[in-house]
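S.K.: Pasting a structure here, questions to come.
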Amino acid sequence: MNVRHRRPATWFATAAVGVALVTALAAPASAAPAPGDFSGVPERTSLSYTSLSTGVHVGTANENEARPGLSTVKLYLADHVLRHGDSSAEDRDLAARMIQVSDDWAASLLDSKYPGAIDAAAREYGLTATSRGSFWGDSYTSTADTVRFLDTKKRTDPGSPVLTWMTTALPVAADGTVQDWGTGRLAAATGTKWGWADDGSSVVASASIGDDFTVAANTYGGAATQSDDVRTALGAFDLATPAIVTAPSVPSLLDAILGIR
0 MNVRHRRPAT
10 WFATAAVGVA
20 LVTALAAPAS
30 AAPAPGDFSG
40 VPERTSLSYT
50 SLSTGVHVGT
60 ANENEARPGL
70 STVKLYLADH
80 VLRHGDSSAE
90 DRDLAARMIQ
100 VSDDWAASLL
110 DSKYPGAIDA
120 AAREYGLTAT
130 SRGSFWGDSY
140 TSTADTVRFL
150 DTKKRTDPGS
160 PVLTWMTTAL
170 PVAADGTVQD
180 WGTGRLAAAT
190 GTKWGWADDG
200 SSVVASASIG
210 DDFTVAANTY
220 GGAATQSDDV
230 RTALGAFDLA
240 TPAIVTAPSV
250 PSLLDAILGI
260 R
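Those letters in the sequence shown? Residues 0 to 260, per numbering that gives the first Met the number 0, in order.
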């Protein structure tokens, strides 16, 4: 287990309000998870957690291992496009689709337009295990890198659309995958980005933000396996039946390409 402090502090159970799971559902307020010892997490899963209020970081021994980034690298791509792209409405719409419905076509269009984006984000945020492959889908990252990125965004750019889109992601992805596992099942998670291999079960990822924390997991296995590992390490999931709220509209990919609003 890896533990580090940004500054000396004591653990506090912090209330998280307005819990909005990435399924665009509202749920009762819950306490942020308070991780202790990650040594019991199976090697199949890498897991990283940072508390924003205390600066405490906890991670598995393999949290810095470069693993298939899957769709979590869309976070880096979207951030670069928003901050260093041409500021077009089309780019913004495509970036939103990448995060909210994990649209691979949108990611491919932006990755083709900005092939250096992922590596540039890695340099900017100090993501030492992150690198782009032949295209975005072949990229690698670590859970430590993902948490470092999200922690930096939460602290220095809390109004980033990337974070907003995580909180307004939809229950079902563009390819039909139900987005409901891993860190996104934590009661205090307010937004999540998921990733999965094409076969859906060989490797999966999830990265979440809460009012007071960031967390990421990557598992060689399926969604249920990751959920079990995250629950064991970080505590109970929110099993309450949430109230349905109106999901935000997401521009169609055709509209995004043609610039039609």
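The C-beta atom is built at its ideal place from N, Cα and C for all residues, glycine as well.
Note that the structure is a prediction, hence the values are computed from the model and not measured.
Of the residues Arg-122, Asp-150 and Leu-126, which one's Cα is nearest the Cα of Val-55?
M.R.: Closest option to Val-55, Cα to Cα, is Asp-150.
S.K.: Check whether the segment 225-235 touches the segment 46-54, counting contact only when three or more Cβ pairs, one atom from each stretch, lie closer than 8 Å.
M.R.: The segment 225-235, when compared against the segment 46-54, does touch it at the 8 Å Cβ threshold.
S.K.: Is Ser-38 helix, strand or coil when you go by DSSP?
M.R.: In this structure, Ser-38 counts as coil in the three-state DSSP scheme.
S.K.: By how many angstroms is the C-alpha of Ala-206 removed from the C-alpha of Ser-159?
M.R.: Ser-159 and Ala-206: Cα-Cα distance of roughly 16 Å.
S.K.: Which one of Lys-152, Tyr-113, Ala-128 and Glu-123 has the shortest CA to CA distance from Phe-134?
M.R.: Of the listed residues, the one whose Cα sits closest to Phe-134 is Tyr-113.
S.K.: Is the beta carbon of Ala-186 less than 8 Å from the beta carbon of Phe-236?
M.R.: Yes, these two residues count as a Cβ contact at 8 Å.
S.K.: Tell me the residue span of the alpha helix (DSSP H) that contains Phe-148.
M.R.: Start and end: 142-155.
S.K.: Bridge partners for Val-203 per DSSP, in chain order?
M.R.: Paired residue(s): Trp-195 and Thr-218.
S.K.: Mapping DSSP to helix, strand and coil, what is Arg-66?
M.R.: Strand.
S.K.: Mark Pro-157 as exposed unless 16 or more other C-beta atoms lie within 10 angstroms of its C-beta, in which case mark it buried.
M.R.: Result: exposed.
S.K.: State the CB to CB distance for the pair Ser-141 and Arg-131, rounded to an integer number of angstroms; the pair is presumed to be in contact (CB under 8 Å).
M.R.: Their Cβ separation, rounded to whole angstroms, is 14 Å, which puts Ser-141 and Arg-131 out of contact at 8 Å.
S.K.: Quick one: give me the first and last residue of the alpha helix (DSSP H) that Leu-108 is part of.
M.R.: 103-112 is the extent of the alpha helix (DSSP H) around Leu-108.
S.K.: Less than 8 Å between the CB atoms is what I'm expecting for Gln-99 and Thr-167, so what's the real figure, rounded?
M.R.: Right, their Cβ atoms sit about 6 Å apart.
S.K.: Report buried or exposed for Gly-175, applying the criterion of at least 16 other Cβ atoms within 10 angstroms of its Cβ.
M.R.: Its Cβ having fewer than 16 others within 10 Å, Gly-175 is exposed.
S.K.: Can you give the Cα-Cα distance for Asn-82 and Thr-218, rounded to whole angstroms?
M.R.: The amino acid occupying residue 82 in the given sequence is Arg; Asn does not appear at that position. Using only the alpha carbons, I get a separation of about 30 Å.
S.K.: With distances taken Cα to Cα, identify the nearest neighbour of Asp-118 among Val-72, Gly-194 and Asp-211.
M.R.: Answer by Cα proximity: Val-72.
S.K.: Excluding the 5 residues flanking Ala-127 on each side, which residues of the same chain have their C-beta closer than 6 Å to its C-beta?
M.R.: Here the sequence assigns Thr to residue 127, which means Ala is not the residue at that position. For Thr-127, where only same-chain residues beyond five positions count, there are no Cβ hits under 6 Å.
S.K.: What does the alpha-carbon distance come out to for the pair Ala-94 and Asn-61?
M.R.: Those two C-alpha atoms are separated by around 30 Å.
S.K.: Tell me Gly-209's beta-bridge partners as DSSP assigns them.
M.R.: Answer is Ala-188.
S.K.: What would DSSP say about Thr-59, mapped onto helix, strand or coil?
M.R.: DSSP places Thr-59 in coil when its eight states are reduced to three.
S.K.: Just to check my reading of the structure: Asp-90 and Val-80 have Cβ atoms closer than 8 Å, yes? What is that Cβ distance to the nearest angstrom?
M.R.: Indeed, because the Cβ distance is near 5 Å, the residues count as touching under 8 Å.
S.K.: Along the chain, where does the alpha helix (DSSP H) containing Leu-76 start, and where does it finish?
M.R.: Looking at the DSSP string, the run of the alpha helix (DSSP H) that includes Leu-76 is 73-83.
S.K.: Give the range of the alpha helix (DSSP H) segment to which Thr-166 is assigned.
M.R.: Taken as a continuous stretch (DSSP letters only), the alpha helix (DSSP H) holding Thr-166 covers 160-166.
S.K.: Starting from Leu-93 and walking both ways along the beta strand (DSSP E), at which residues does that stretch end?
M.R.: No beta strand (DSSP E) contains Leu-93, which is instead part of the alpha helix (DSSP H) from 88-99.
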